[in-house]
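**Q** Once you've had a glance at the structure underneath, I'll fire off some questions.
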């Protein structure tokens with residue numbers, strides 16, 4: 001018999017997939033959350049503190065609204081999972097969560113709504129995701145870059161502000177009996 005030598009090639013395929021899920025939590029203090037709903041946006045950005053959008057991991061911003069029913073003073077939204085693969089190894093990604101669809105007139109210089117008297121939490125919450133090759137798949141490191149946040153959850157707090165209404169009651173004379181010097185004055 002003849003001995004034949006055959007060269008064999010072994011191919012190990014390493015395919016790693018994982019995902020990260022972000023959420024936003026709204027806590028409402030000093031008032032009744034009732035049927036209020038809040039909306040949030042998750043955007044991939046160029047860096048911490050830099051809200052310029054990029055689209056390497058998110059083709060577009062993910063927007064979600066909290067439920068309008070529930071008990072307690074907290075509502076939470078969960079964004080769609082962001083997939084990571086072996087192609088992401090060695091990369092760092094940045095994400096930002098912000099509250100959107102605020103009442104008219106609410107902005108960075110005026111965080112209190114004039115109609116609802118709520119002080120809105122207008123902070124932009126930043127998160128960092130770093131992807132490495134792990135022993136049994138991807139090793140994803142997640143970190144929050146905003147004080148009070150968890151590694152994948154933005155914590156927003158809105159506060160119901162008081163409103164003082166003063167009513168003037170006239171005694172001894174009808175309001176219609178006021179002379180012209182009293183009409184229109186703030187008493």
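Numbering (my numbering), first residue to last: 1 to 187.
Glycine included, C-beta positions come from ideal geometry on N, C-alpha and C.
1. By alpha-carbon positions, which one of 162, 147, 120, 131 ends up nearest to residue 57?
2. Classify residue 75 as buried or exposed, calling it buried when 16 or more other Cβ atoms lie within 10 Å of its own Cβ.
3. Considering only C-alpha positions, which residue in the set 20, 3, 16 is nearest to residue 128?
4. State the Cα-Cα distance for the pair residue 150 and residue 143, rounded to the nearest angstrom.
5. State yes or no: is the C-beta of residue 93 within less than 8 angstroms of the C-beta of residue 60?
6. Under DSSP, the beta strand (DSSP E) around residue 3 begins and ends at which residues?
7. Excluding sequence positions up to five away, which residues of its chain have a Cβ less than 6 angstroms from the Cβ of residue 141?
8. Residue 99 and residue 156 look like a contact to me (Cβ under 8 angstroms); what is the Cβ gap, rounded to whole Å?
9. What is the C-beta distance between residue 120 and residue 145, in whole angstroms, given that I count them as a contact (C-beta under 8 angstroms)?
10. Using a Cβ-Cβ cut-off of 6 angstroms (strictly less than) and excluding sequence neighbours within five positions of residue 39, which residues of its own chain qualify?
11. Alpha carbon to alpha carbon, what distance is there between residue 159 and residue 78?
12. Give me whichever residues DSSP pairs with residue 17 in a beta bridge.
**A** Reading it off the structure:
1. 131
2. buried
3. 20
4. 8 angstroms
5. no
6. Careful: residue 3 lies outside any beta strand (DSSP E) and carries neither H nor E.
7. 130
8. 6 angstroms
9. At roughly 21 angstroms, the Cβ-Cβ gap does not stay under 8 angstroms, so residue 120 and residue 145 are not in contact.
10. 65, 100, 101
11. 22 angstroms
12. 85
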